[in-house]
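Enquirer:
In this note's numbering, the protein residues as written are 1 to 794.
Put into structure tokens, the structure is as follows:
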């Protein structure tokens, strides 16, 4: 497509010239405004770099610049993307798959304003009336006062004297969290040892370390006395002493007992935000139970006693959203009709988007990436804004084929309001609704970053691009399935919405667990299978890593490489780490110099001393088979495999890890490539490669096709087959029809979501399900399977 420079183009097109962010290679294109454009291509081809890293980033950066310098100082800085020109931009709203804030006070209701509207409704209609909306909020502290409230108990109203709040609705015992924690003291210290001998067994409290010295030199304790010999006062001071001013090595400090210190430093964080070793300690030492005072509702007695038609606000928040909408429609009160309509609009959006099974009291930290993205969508469905650019990152993630059509309707609704909708997606069902398609490739990483096609869907189908060739793929059912070697028994599973489920998961085969979102798939496997010994679980939790982290450090392959360099050159392994002794002193091993420009984005320039290679010159002088450590980190996985398989640099410990990376389809990524530059699909497969090294008889994979291009699914199936053939039991939670068709055994949960799910609706082989498709999954799988039985395009 020829890009015109006519001024009128800005009204109808977003024009990109010379985009070079990450692996993009001077990409230039025009994107039609007020249309739905889908960006396709293999994982790592440059889709996210173009849509999020270039178009959305520049739109948000330009909007931020309209604020005063003072305001910008409080906003996150966004650097200008590497692109020549961008024209015709409108305000961009990014709806990504980043998990929502895992703050323990954040719930589905608070994140969507549904809870705020409910509180207003209760402040108007509830009896006994508590007046303000804050009186129904578990995030506003209570002010206790004596008073009386009238409680309707059916036959007669009785007046009870109680302590109730004139301010907030927070339960005073759990402080609005709904749960309290108990600490197992035996996990905090070894009573047979003294502080000097390492009595404290909490992570970070090492003998001789600052944290232990703080207690040992406090003056309250004898550091040489075993804990079991402490007096009652010393034990109290050690464990429970209230905050007390003290001087520690000449510095004014505050001493407090070990228990409150751990509660503040560790237990106040959400579990998902904890480092792995802290999480393991908390799992051992802490027991969380529902608060006995509020029974987990987070609210104080007054808020729970204030009701509408016999239901408290806690009752409503615990209801499934689809049931809550029905209850609200049955409520008759003319004065609050506009308020109820606003609330119903939000709740109906939940149902429309396939989240009617959620409850408003569900903590946001427990939502999957797909659920979080759809929650964010709800915020925008009622917006009056037009001519906005909405940017979506694989909105079909986590959706059953039955729900994809409803997602498509919502995307089209946003477009039809006069907005530009940009969608990064792999699913053919979503690509099919596009007004315009942009395909990047031809492959990934250094082999991608170019524009391979742009135009309508018909043109994509007839193109010779990888996406075009695979768009019409249909899966063939296995002609024969493997014979199980045994079974993993599940009896009486009742977590969340599961209804006393009994099922046997066959061992020694590939089992796929499926069902609509919210049917109970993850609840069944995560509570019944994952905790068992010998089970390796690869979930969708995000990879943690800074811009210094890379595939070499994350997978551990750098360790044998460093040792091999050290042995070959007669020096220490630490020299070959850019995060240790071998780092360039000018840039501290970062390879770039970051200059703080106050409210503007920090400027990053290549380090002049090391030319961006991160190591000291003398370190780069040490080689292994003709390559320096910087040369090795610049190799792709495929190139590194070839290098370390050679006689001169034979390194079996490294080739084992590199082979796993290649097997999961990451042969093109560079060993020293920052993790922050990897796409979501690449990070998922990187994590899979790491877990493949763990010794376990059973592998559990949660939606491994997330972020995978149609062409990559075949390689994933080959990997799953290899695991099974090696004697493993593989259990996959998945919606992708190609994975279902390839299974030896299928377990389908449903028939619906929430309280309409939680049951086994099918248990057998894929061919048995297709031959009698009575479930939603069965009908969609039968429609997908090729009638001719041909394999997908290779």
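Don't be surprised by glycine CBs; every beta carbon is placed ideally from N, CA and C.
1. Using C-beta distances below 6 Å, list every residue in its chain close to residue 557, excluding the 5 sequence neighbours before and after it, in chain order.
2. May I ask you to report which of helix, strand or coil DSSP gives residue 297?
3. Taking the alpha helix (DSSP H) that residue 234 belongs to, which residues open and close that run?
4. Since residue 168 and residue 137 are thought to touch, with beta carbons under 8 Å apart, how far apart are those beta carbons, to the nearest angstrom?
5. Whole angstroms is fine: what's the gap from residue 685's alpha carbon to residue 708's?
6. Should residue 578 go down as buried or exposed, given a rule of 16 or more other Cβ atoms within 10 Å for buried?
7. Which residue spans inside the region 405-459 form an unbroken beta strand (DSSP E) run of at least 3?
8. Leaving out the 5 sequence neighbours to the left and right, which residues in its chain are closer than 8 Å to residue 253 when beta-carbon positions are compared?
9. Look at the alpha carbon of residue 80 and the alpha carbon of residue 45, and state the distance between them as a whole number of angstroms.
10. With a threshold of 6 Å on Cβ separation, who are the neighbours of residue 504 within its own chain once the five nearest residues in sequence on each side are excluded?
11. DSSP three-state label for residue 69, please.
12. Start and end of the alpha helix (DSSP H) containing residue 328?
13. Of the choices 471, 448 and 351, whose alpha-carbon is the least far from that of residue 321?
14. Within 10 angstroms of its Cβ, does residue 22 collect 16 or more other Cβ (buried), or is it exposed?
15. When you compare the CB positions of residue 91 and residue 59, do they come within less than 8 Å of one another, or not?
16. How many Å lie between residue 152 and residue 310 at the Cα?
17. Since residue 399 and residue 370 should fall inside the 8 Å C-beta cutoff, what is the C-beta to C-beta distance between them, to a whole number of angstroms?
18. Along the chain, which unbroken stretches of the beta strand (DSSP E) at least 3 residues long are found entirely within the region 61-129?
19. Using DSSP bridges, identify the partner residues of residue 13.
20. Who are the near neighbours of residue 599 in its chain, counting only those whose CB is closer than 6 Å to its CB and skipping five residues on each side?
21. Excluding sequence positions up to five away, which residues of its chain have a Cβ less than 6 Å from the Cβ of residue 75?
22. In angstroms, rounded to a whole number, what distance separates the CA positions of residue 159 and residue 172?
23. What is the rounded straight-line gap between the Cα of residue 699 and the Cα of residue 225?
24. Report the residue ranges of all beta strand (DSSP E) runs contained in full by the region 486-556; include only those spanning at least 3 residues, in chain order.
25. Counting beta carbon pairs with one atom in the region 452-460 and one in the region 431-438, are three or more of them shorter than 8 Å?
26. For the pair the region 216-233 and the region 174-194, tell me if three or more CB-CB distances fall below 8 Å.
27. Can you check which of these residues, 197, 555 and 572, is closest to residue 637 by C-alpha distance?
28. Can you tell me whether residue 613 is buried or exposed? The criterion is at least 16 other CB atoms within 10 Å of its CB, across all chains shown.
29. From the DSSP output, which residues share a beta bridge with residue 363?
30. What number of angstroms, rounded off, separates the C-alpha of residue 241 from the C-alpha of residue 219?
31. Can we say the region 25-37 touches the region 418-425, given the rule of at least three CB pairs closer than 8 Å?
32. Quick check on DSSP: helix, strand or coil for residue 782?
33. Looking at the strands, I want to know which residues DSSP matches up with residue 745.
34. State the beta-bridge partners of residue 731 as determined by DSSP.
35. Considering only residues of the same chain and omitting the five flanking positions on each side of residue 789, which have a CB-CB separation below 8 Å?
36. Just to confirm, are residue 666 and residue 689 a CB contact at a threshold of 8 Å?
Expert: Reading off the structure:
1. 654 and 657
2. coil
3. 232-239
4. 6 Å
5. 9 Å
6. buried
7. 420-424, 436-441 and 450-455
8. 214, 245, 246 and 247
9. 21 Å
10. 487 and 489
11. helix
12. 321-329
13. 351
14. buried
15. yes
16. Here the model assigns residue 152 a pLDDT of 45, short of 50, so the residue's position is not dependable, and the following value carries that caveat. Approximately 8 Å, taken between the alpha carbons.
17. 6 Å
18. 83-87 and 92-95
19. 32
20. Per-residue confidence for residue 599 stands at a pLDDT of 46, beneath the threshold of 50, marking its modelled position as unreliable; the derived number appears in the next sentence. Here the set comprises 69, 72 and 73.
21. 64
22. Bear in mind that a pLDDT of 42 at residue 159, under 50, signals an unreliable position, so the model cannot answer this.
23. 47 Å
24. 486-493, 501-507, 510-514 and 535-538
25. yes
26. yes
27. 555
28. buried
29. 107
30. 13 Å
31. yes
32. helix
33. 511
34. 511 and 700
35. The pLDDT assigned to residue 789 is 44, lower than 50, so where the model puts this residue is not dependable; a value taken from the coordinates is nonetheless given after this. 476 and 477, listed in sequence order.
36. yes
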